[in-house]
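Colleague: Pasting a structure below so you can have a look.
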Amino acid sequence: MKEYFSDLWLDIQKNKGAVAGLLFVLLFMILAIIAPLISVYAPDQVIEGALRLPPGSRFQEHFFILGTDDIGRDLWSRLLYGARVSLLVGLSVVFISAGIGTTLGLLSGYYGGWLDRIVIRLMDFVMALPSVLFAIVIVAVLGPGLLNAILAVSIVALPNFTRLIRAQVLAEKNKPYVQAAHLYGASSLRILFKEILPNCIAPLIVQASLGFSDGVLNCAALGFLGLGAQAPTPEWGTMLSDARSYIETSPWMVNAPGICILVVVLSFNLFGDGLRDALDPRLKNRG
Amino acid sequence: MNLLSVKNLNKSYVTKKLMGKNEERKVLSNVQFELGENKILGIVGESGCGKSTLAKVLTRLEDFQSGEITLCGQNLREIPQKNLTHLVQMVFQDPYQSLNPRKMAWEIIADPIMVVEKTPRPQAKIQALAMMAKVGLLPELSERYPHQFSGGQRQRIGIARALMLKPKILILDEPVSALDVSIQAQVLNLLLDLQKEFGLSMIFISHDLSVVKHISDETLVLYFGEVVEHGPSENVFKNPQHAYTKTLLESAP
Amino acid sequence: MLLEIEKLSVQFKTESGNLLALRDVSFSLEAGEILGVVGESGSGKSVSNLALMGLLPDIAVINTKKVLFQNHPLDLNSQKQLSQLRGKSIAMIFQDPMTALNPSLTVGYQMLETLQTHLGLSKKAAKMKAISLLERVGILSAEQRLKVYPFELSGGMAQRVMIAMSISCNPKLLIADEPTTALDVTIQKQILDLLIDLQREKKMSMIFVSHDLALVKKYSQRIQVMYAGEIIETGPTDQVIKNPHHPYTFGLLKARPSAHAGKTKEHLYAIPGTVPSLRARPSGCQFHPRCNRSTEVCKKTNPSVSSLQPSPLQTSFSCHHPLESL
Numbered sequence: 043m044k045e046y047f048s049d050l051w052l053d054i055q056k057n058k059g060a061v062a063g064l065l066f067v068l069l070f071m072i073l074a075i076i077a078p079l080i081s082v083y084a085p086d087q088v089i090e091g092a093l094r095l096p097p098g099s100r101f102q103e104h105f106f107i108l109g110t111d112d113i114g115r116d117l118w119s120r121l122l123y124g125a126r127v128s129l130l131v132g133l134s135v136v137f138i139s140a141g142i143g144t145t146l147g148l149l150s151g152y153y154g155g156w157l158d159r160i161v162i163r164l165m166d167f168v169m170a171l172p173s174v175l176f177a178i179v180i181v182a183v184l185g186p187g188l189l190n191a192i193l194a195v196s197i198v199a200l201p202n203f204t205r206l207i208r209a210q211v212l213a214e215k216n217k218p219y220v221q222a223a224h225l226y227g228a229s230s231l232r233i234l235f236k237e238i239l240p241n242c243i244a245p246l247i248v249q250a251s252l253g254f255s256d257g258v259l260n261c262a263a264l265g266f267l268g269l270g271a272q273a274p275t276p277e278w279g280t281m282l283s284d285a286r287s288y289i290e291t292s293p294w295m296v297n298a299p300g301i302c303i304l305v306v307v308l309s310f311n312l313f314g315d316g317l318r319d320a321l322d323p324r325l326k327n328r329g
Numbered sequence: 318m319n320l321l322s323v324k325n326l327n328k329s330y331v332t333k334k335l336m337g338k339n340e341e342r343k344v345l346s347n348v349q350f351e352l353g354e355n356k357i358l359g360i361v362g363e364s365g366c367g368k369s370t371l372a373k374v375l376t377r378l379e380d381f382q383s384g385e386i387t388l389c390g391q392n393l394r395e396i397p398q399k400n401l402t403h404l405v406q407m408v409f410q411d412p413y414q415s416l417n418p419r420k421m422a423w424e425i426i427a428d429p430i431m432v433v434e435k436t437p438r439p440q441a442k443i444q445a446l447a448m449m450a451k452v453g454l455l456p457e458l459s460e461r462y463p464h465q466f467s468g469g470q471r472q473r474i475g476i477a478r479a480l481m482l483k484p485k486i487l488i489l490d491e492p493v494s495a496l497d498v499s500i501q502a503q504v505l506n507l508l509l510d511l512q513k514e515f516g517l518s519m520i521f522i523s524h525d526l527s528v529v530k531h532i533s534d535e536t537l538v539l540y541f542g543e544v545v546e547h548g549p550s551e552n553v554f555k556n557p558q559h560a561y562t563k564t565l566l567e568s569a570p
Numbered sequence: 052m053l054l055e056i057e058k059l060s061v062q063f064k065t066e067s068g069n070l071l072a073l074r075d076v077s078f079s080l081e082a083g084e085i086l087g088v089v090g091e092s093g094s095g096k097s098v099s100n101l102a103l104m105g106l107l108p109d110i111a112v113i114n115t116k117k118v119l120f121q122n123h124p125l126d127l128n129s130q131k132q133l134s135q136l137r138g139k140s141i142a143m144i145f146q147d148p149m150t151a152l153n154p155s156l157t158v159g160y161q162m163l164e165t166l167q168t169h170l171g172l173s174k175k176a177a178k179m180k181a182i183s184l185l186e187r188v189g190i191l192s193a194e195q196r197l198k199v200y201p202f203e204l205s206g207g208m209a210q211r212v213m214i215a216m217s218i219s220c221n222p223k224l225l226i227a228d229e230p231t232t233a234l235d236v237t238i239q240k241q242i243l244d245l246l247i248d249l250q251r252e253k254k255m256s257m258i259f260v261s262h263d264l265a266l267v268k269k270y271s272q273r274i275q276v277m278y279a280g281e282i283i284e285t286g287p288t289d290q291v292i293k294n295p296h297h298p299y300t301f302g303l304l305k306a307r308p309s310a311h312a313g314k315t316k317e318h319l320y321a322i323p324g325t326v327p328s329l330r331a332r333p334s335g336c337q338f339h340p341r342c343n344r345s346t347e348v349c350k351k352t353n354p355s356v357s358s359l360q361p362s363p364l365q366t367s368f369s370c371h372h373p374l375e376s377l
């Protein structure tokens with residue numbers, strides 16, 4: 043296994059986009075984790091009178107590296123805490139959707155029959171609706187809020203994982219090594235989790251890194267629509283939405299969270315694609 | 318007493334159709350044979366003759382419609398799974414797909430006893446290493462993954478895995494057809510040695526007449542799911558009775 | 052002389068270094084001759100043919116001293132020159148006919164396209180020609196068969212269609228690379244008999260590549276045994292079979308059981324070890340780690356360069372300690 047991952051790392055290194063993506067992903071994670079250490083103010087701290095100051099401005103004894111927003115909060119600090127929210131959102135979405143999706147995919151692919159038919163129809167249903175639209179419907183039912191938004195976005199992301207794992211299971215389950223396990227009496231659970239699942243891990247990791255960026259983007263979209271995180275949570279999508287009315291007079295308020303979303307989504311996608319390219323020949327090699 | 322006896326075995330695959338009647342395709346019809354202790358039965362036939370299906374039926378990977386299969390005096394359908402694992406094991410054709418790519422060689426070999434006999438990992442590893450030595454694999458290779466082995470070595474791993482539970486019967490479905498000629502001979506020799514050492518009976522399935530002739534005591538020729546010829550290998554190859562066997566022999570280079 | 056190749060080497064450039072797939076291979080082919088090429092996987096038996104067809108991947112580096120086809124020099128690195136020969140003067144049949152045919156086009160469409168582009172026939176003439184070709188390769192009710200898709204054909208049928216297409220331009224050289232490996236024994240014989248028939252009728256030369264020495268023995272006039280990218284023994288088929296000089300040839304002959312002779316349940320002569328990987332070639336003679344006759348010389352120097360002279364009439368081999376004539 044060790045050798046496998048060191049080989050994988052060599053392959054990823056050849057892809058400059060993937061390395062850049064990985065660096066930004068790491069930077070984003072570190073910033074999110076150490077946010078309290080490097081932020082100047084609390085994310086919801088209002089500095090009286092410091093309204094919509096452009097980046098680099100001074101106000102009394104304060105200095106705002108990225109400026110302030112319409113009620114006088116420091117943008118730099120809000121963005122840092124926003125990174126925490128995004129990290130939390132991305133991870134939760136991936137864990138929920140990958141967890142449920144993988145289980146559904148494993149079961150429906152392995153057992154087939156009516157279970158498979160129901161699962162696949164459900165997934166078709168989810169996929170048939172535009173993802174953001176469907177997420178809006180779910181949030182509308184559950185009520186706005188960050189947790190509900192995460193739940194909605196996870197449901198929307200389910201089919202990606204379910205279908206991926208199901209297809210992988212269908213390909214693996216008739217291979218002789220699985221038949222051999224049947225022959226020495228391994229239980230279905232053992233076959234599913236010890237024989238088949240390890241062979242689904244590679245595509246699963248790729249999908250997880252792509253799912254992370256989808257989750258961040260969709261949650262930001264819900265926040266922008268006022269259905270996700272509620273004020274004063276420093277969520278990038280919500281910040282974007284609050285700043286919308288000032289786009290002509292104070293563009294930095296829009297630019298900062300917008301660029302953050304862009305960079306995070308782009309770097310996760312680049313890394314995910316690089317990972318896929320690096321894993322692909324390996325998948326083919328083992329025939 | 319015979320180890321295995323198959324009587325009037327019939328099997329067909331049914332394809333369900335949206336409209337009209339279901340389509341039934343017969344793969345095995347009235348197959349009948351017996352296998353004694355310490356014997357190797359060769360089964361020859363071309364693609365689509367049902368030889369792989371027969372292997373799956375005998376290992377209970379697939380069910381059959383009618384007929385009777387008796388294993389050590391017991392009806393195959395009634396043998397508890399745990400006992401069956403000690404009676405019949407199988408070696409597969411494709412040495413690339415028959416080993417889990419994410420497991421180390423010794424784990425693959427030890428898995429059967431870890432599952433069936435609940436042998437703890439350390440002991441299972443010791444037994445697996447001993448088995449590796451028996452099939453001619455260096456114990457140093459035990460922590461390698463399948464892709465680090467050559468085709469012949471992988472097939473040895475598959476054989477070692479099948480022997481871990483000390484089965485009475487080993488079913489080999491085209492075990493050497495994916496291998497190079499020089500490696501083929503090594504594996505065939507190994508199988509002959511193992512048969513003696515473990516007192517095994519084998520069912521050796523192949524499309525290759527020369528290999529079957531070489532390894533088996535008795536030969537059975539399958540043609541579209543029917544047994545067209547069955548007898549001691551010497552006789553079948555020297556003096557074939559059925560027209561199809563004759564054609565097969567003439568076609569062999 | 053139809054084809055003369057002198058010192059053909061092929062390397063594959065990969066990220067983990069250059070892999071030598073073919074080392075100084077020289078051979079020649081008379082008009083109307085069948086040359087059998089035998090070797091195990093990784094022996095390079097297909098590489099020279101793919102080089103000749105210009106079908107090697109881009110990472111291949113081809114070096115030759117001299118290549119003559121119909122007494123004209125041929126540059127194996129020039130796709131332009133090769134594409135003029137390919138399909139017309141040199142045709143090739145592959146192992147798996149199903150993947151060589153386009154699954155979404157009818158047999159007729161694919162045949163007519165080839166005939167129209169290569170021979171410049173009108174559609175009607177091409178159709179007539181296609182029907183007669185299919186009949187020639189033993190396909191019944193040929194006109195109806197033109198309308199079917201490849202998946203409706205059996206493996207043997209599909210290979211017949213491939214053969215029909217490959218002989219449509221009356222090639223001078225037909226390369227059959229494991230043409231029957233995917234087929235059943237009975238079909239194998241029919242296809243090979245058909246190929247030999249056509250070869251005589253059209254006076255083609257043929258290179259017949261196979262892993263099965265027994266087949267090559269039966270169907271070729273001259274034989275070339277390959278190991279680890281080198282020709283290790285070559286000569287008239289009956290001589291090589293009767294009197295193998297290289298221990299590897301000897302081993303190959305002995306290792307394969309026969310359906311017609313030999314005892315049952317007896318140990319076969321087995322060559323120990325495995326075919327060397329291109330990544331980890333042994334020093335000296337490529338076969339020495341597996342050879343029971345090897346000595347110090349074999350570990351140090353490769354005999355192939357010095358002793359192998361292509362001469363069609365007698366056996367030549369590359370070995371420091373050849374087996375004596377029986």
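Protein chains in written order, with the numbering used here: chain S, 43 to 329; chain W, 318 to 570; chain E, 52 to 377.
Each residue gets a CB set at the ideal place from its N, CA and C atoms; glycine is no exception.
All values derive from a computational prediction rather than experimental measurement.
Which stretch, first to last residue, makes up the alpha helix (DSSP H) that contains residue 539 (chain W)?
Modeller: Not the alpha helix (DSSP H): residue 539 (chain W) falls in the beta strand (DSSP E), residues 535 to 540.
Colleague: Return the Cβ separation of residue 491 (chain W) and residue 522 (chain W) in integer angstroms, given the expectation that the two are a contact with Cβ distance under 8 Å.
Modeller: 6 Å
Colleague: If the criterion is Cβ atoms closer than 8 Å, does the pair residue 246 (chain S) and residue 144 (chain S) meet it?
Modeller: yes
Colleague: With H, G and I counted as helix, E and B as strand and the rest as coil, what does DSSP make of residue 329 (chain S)?
Modeller: In this prediction, residue 329 (chain S) has a pLDDT of 33, which is less than 50 and means its spatial position is unreliable; what the coordinates show is noted afterwards. In this structure, residue 329 (chain S) counts as coil in the three-state DSSP scheme.
Colleague: Pairs of beta-carbons, one from the region 168 to 186 of chain S and one from the region 286 to 305 of chain S, closer than 8 Å: are there three or more?
Modeller: no
Colleague: Output, in chain order, the set of chain W residues within a Cβ distance shorter than 7 Å of residue 308 (chain E).
Modeller: 527, 528, 530, 531
Colleague: Report buried or exposed for residue 423 (chain W), applying the criterion of at least 16 other Cβ atoms within 10 angstroms of its Cβ.
Modeller: When all chains shown are included, residue 423 (chain W) counts as buried.
Colleague: I need the straight-line Cα distance from residue 359 (chain E) to residue 184 (chain E), nearest angstrom please.
Modeller: In this predicted model, residue 359 (chain E) has a pLDDT of only 49, less than 50, meaning its place in the structure is not dependable; the value taken from the coordinates is given anyway. When rounded, the distance between both Cα atoms is 41 Å.
Colleague: Determine the direct distance from the alpha carbon of residue 462 (chain W) to that of residue 95 (chain E), and round the result to whole angstroms.
Modeller: 27 Å
Colleague: Indicate the three-state DSSP secondary structure (helix, strand or coil) for residue 359 (chain E) in the structure shown.
Modeller: Its pLDDT being 49, under 50, residue 359 (chain E) is placed unreliably by the model, and the measurement read from it follows with that caveat. Here residue 359 (chain E) carries a coil assignment [DSSP, helix/strand/coil].
Colleague: Report the neighbours of residue 104 (chain S) on chain W: residues whose CB is nearer than 8 Å to its CB, in chain order.
Modeller: Near residue 104 (chain S) there are no residues of chain W at all, since even the closest Cβ is about 56 Å away, more than 8 Å.
Colleague: Check whether the Cβ atoms of residue 553 (chain W) and residue 536 (chain W) sit closer than 8 Å, and answer yes or no.
Modeller: yes
Colleague: With DSSP as the reference, label residue 163 (chain S) as helix, strand or coil.
Modeller: helix
Colleague: Is there a Cβ from chain W that is less than 8 Å from the Cβ of residue 147 (chain E)?
Modeller: no
Colleague: What are the boundary residues of the alpha helix (DSSP H) that residue 256 (chain S) is part of?
Modeller: Residue 256 (chain S) -> alpha helix (DSSP H) spans 243 to 266.
Colleague: What does the Cβ neighbour count give for residue 329 (chain S), buried or exposed, with the cut at 16 atoms within 10 Å?
Modeller: Note that residue 329 (chain S) scores 33 on pLDDT, short of 50, meaning its location in the model is unreliable; the coordinates nonetheless yield the value given after this. By the neighbour-count rule (16 or more Cβ atoms within 10 Å), residue 329 (chain S) is not buried but exposed.
Colleague: Provide the residue(s) that pair with residue 571 (chain W) in DSSP beta bridges, ordered along the chain.
Modeller: Lying before the first or after the last residue shown, residue 571 (chain W) is absent from chain W, which here runs from 318 to 570.
Colleague: Can you give, in chain order, each stretch of the alpha helix (DSSP H) that sits fully within the region 190 to 237 of chain S and has at least 4 residues?
Modeller: 218 to 225
Colleague: The region 459 to 479 of chain W: which residues have C-beta closer than 7 Å to a C-beta of chain S, in chain order?
Modeller: Those residues of the region 459 to 479 of chain W that come within reach of chain S (Cβ to Cβ, closer than 7 Å) are 464, 478.
Colleague: Name the chain W residues that come within less than 7 Å of residue 240 (chain S), Cβ to Cβ?
Modeller: Correct list: 419.
Colleague: Apart from the five residues on each side of it in sequence, which residues of its chain come closer than 6 Å, Cβ to Cβ, to residue 359 (chain W)?
Modeller: Hits under 6 Å: 521, 529, 533, 536.
Colleague: Are the CB atoms of residue 97 (chain S) and residue 109 (chain S) nearer to each other than 8 Å?
Modeller: Yes, Cβ-Cβ distance for residue 97 (chain S) and residue 109 (chain S) is below 8 Å.
Colleague: Taking the beta strand (DSSP E) that residue 74 (chain E) belongs to, which residues open and close that run?
Modeller: Residues 68 to 80.
Colleague: So residue 86 (chain E) and residue 273 (chain E) are in contact, right, with Cβ under 8 Å, and what is the actual spacing, rounded?
Modeller: 5 Å
Colleague: Alpha carbon to alpha carbon, how far is residue 239 (chain S) from residue 388 (chain W)?
Modeller: 34 Å
Colleague: Between the region 404 to 417 of chain W and chain S, which residues of the former have a C-beta closer than 8 Å to a C-beta of the latter?
Modeller: 405, 406, 407, 409, 410, 411, 413, 414, 415, 416, 417
Colleague: Taking the C-alpha atoms as reference points, what is the distance between residue 322 (chain E) and residue 345 (chain E)?
Modeller: 13 Å
Colleague: For chain W, find out if any of its Cβ atoms is closer than 8 Å to the Cβ of residue 118 (chain E); answer yes or no.
Modeller: No - not a single Cβ of chain W is within 8 Å of the one on residue 118 (chain E).
Colleague: What does residue 564 (chain W) reach in chain E if we use C-beta pairs closer than 8 Å?
Modeller: 237
Colleague: Under 8 Å, do residue 283 (chain E) and residue 173 (chain E) count as touching if we go by C-beta distance?
Modeller: Here residue 283 (chain E) is not near residue 173 (chain E), since their CB atoms are 8 Å or more apart.
Colleague: Evaluate the contact criterion for the region 332 to 352 of chain E versus the region 75 to 83 of chain E: three or more CB pairs, one atom per stretch, below 8 Å.
Modeller: no
Colleague: At a Cβ threshold of 8 Å, is residue 399 (chain W) touching chain S?
Modeller: Yes, contact with chain S.
Colleague: With C-beta atoms as the reference, is residue 226 (chain S) less than 8 Å away from residue 397 (chain W)?
Modeller: no
Colleague: Measuring only the C-alpha atoms, how far is residue 220 (chain S) from residue 558 (chain W)?
Modeller: 40 Å
Colleague: When the Cα of residue 249 (chain E) is compared with those of E:207, E:217, E:262, which residue comes out closest?
Modeller: E:217
Colleague: Whole angstroms is fine: what's the gap from residue 83 (chain S)'s alpha carbon to residue 116 (chain S)'s?
Modeller: 7 Å
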